[in-house]
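**Student:** In case it helps, the UniProt record's numbering puts the sequence shown at residues 1 to 308. Below you will find the structure I want to go over with you.
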Amino acid sequence: MQTILKIGTRGSPLALAQAHETQARLMAAHGMPAEAFEVVVISTSGDRIQDRPLSEAGGKGLFTKEIEEALLAGAIDIAVHSSKDMPTQLPPGLELSAFLPREDARDAFVGRAAKTIAELPQGAKVGSSSLRRQALIRRMRPDLDVVMFRGNVQTRLRKLDEGVASGTILAYAGLKRLGLEDVATDLMPLDSFPPAPGQGAIGIETRIGDRDVEKMLVAIHDVATGQALACERAFLAALDGSCRTPIAGYAAIEAGKLSFAGLIISPDGTQSHAVELQGLAQDAARIGDEAAWTARAKAGEKFFHGWL
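Written out as structure tokens, the structure is:
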């Protein structure tokens, strides 16, 4: 059968799992065989740069740049991303047009020396490449040695086995999608260890105006996830969020109502400002934007100097 849709993705096991989940949902929704879809693996700068933090290399756009170029060139029809890796500003001509139902948004601690962060011995090494996770770890345990930890899920687990660190924190959603949820030794509460905006959600990027593709995606789009992400991404955008900014945010939707909790925190974990807002789910983006400006007002502009 002729290929109807080309699905662009990174080549990591997690990225491929997300692309194949998208494919499976499209197959089920439209009664199409697997042969109607081609998964196209694209190497990104973020995958190739492993020797330094993304904040120093150019930010989270490094995981999307080459895939978006292929989308704009027509080499692929849709791009499947981890939503938390998506910059708030997309290239002209592209949009996030669909989201799959969100997985568990919590972070998971994977420990070797202890099952929880609280039980780690003083001075133990904890690996993470996320400034948000690093800051939250330092807030919990200022005595720990937080070290940079890059690589895909399997690479990070291997580093633990090699003794590079006593523990690390990974997105629980990613572990579940890989069938590795059993490696988690503790799940971090949403209120005390809030996730990155978009965590746990698969976003699908398309060319603006590609009506045929949009019609196919409507059948697999999860409205509640889309509303939650509109709020979280608006919060991030209003704070100029990038890999240099430790920002957390999570929106929950229930019966048409939205509850949002956001946090800005200094990289050393010593200063933080939280904000909570509620409203109608249809006002998701406005609520996220308002929450950001509320957080800014609470923190004061001096708070952002040196890390924004």
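All residues carry an ideal CB built from backbone N, CA and C; glycine is no exception. Computed from a predicted model, the values in this text were never measured in an experiment.
To the nearest angstrom, how far is it from the Cα of A34 to the Cα of I169?
**Tutor:** Near 34 Å, if we compare the C-alpha coordinates of I169 and A34.
**Student:** Does A57 come out as helix, strand or coil in the three-state DSSP assignment?
**Tutor:** Residue confidence is low: A57 scores 48 on pLDDT, short of 50, so the model does not pin down where it sits. No coordinate-derived value is stated.
**Student:** Can you list, in chain order, the residues of its chain whose CB lies under 7 Å from that of L187, leaving out five sequence neighbours each side?
**Tutor:** The residues are R106, A108, Y172.
**Student:** Under a CB-based cut-off of 9 Å, is L131 close to chain C?
**Tutor:** The structure shown contains no chain C; it holds only a single protein chain.
**Student:** Comparing alpha-carbon positions, which option in R150, A98, I208 lies nearest A91?
**Tutor:** Correcting the residue type first, residue 91 is Pro in the shown sequence and not Ala. Taking only the C-alpha atoms, the option nearest P91 is I208.
**Student:** Leaving aside the five residues before and after A224 along the sequence, list all residues of the same chain whose C-beta is less than 6 Å from its C-beta, in chain order.
**Tutor:** I253.
**Student:** Would you give the residue range spanned by the beta strand (DSSP E) that Q134 belongs to?
**Tutor:** No beta strand (DSSP E) contains Q134, which is instead part of the alpha helix (DSSP H) from 131 to 140.
**Student:** If we ignore side chains and look at the alpha-carbon of each, how far apart do D212 and T22 end up?
**Tutor:** Each residue's Cα considered, the two are about 17 Å apart.
**Student:** Would you mind sorting S43 into buried or exposed? The rule is 16 or more other CB atoms within 10 Å of its CB.
**Tutor:** Label assigned to S43: exposed.
**Student:** In three-state terms, what does DSSP make of T44?
**Tutor:** Reduced to three states, the DSSP call for T44 is coil.
**Student:** Can you give the Cα-Cα distance for F193 and I265, rounded to whole angstroms?
**Tutor:** Between F193 and I265, the C-alpha separation is close to 11 Å.
**Student:** So, for A251: in the same chain, excluding its five sequence neighbours on each side, which residues have a beta-carbon less than 6 Å away from its beta-carbon?
**Tutor:** Correct list, in chain order: A228, C231, E232, L258, F260.
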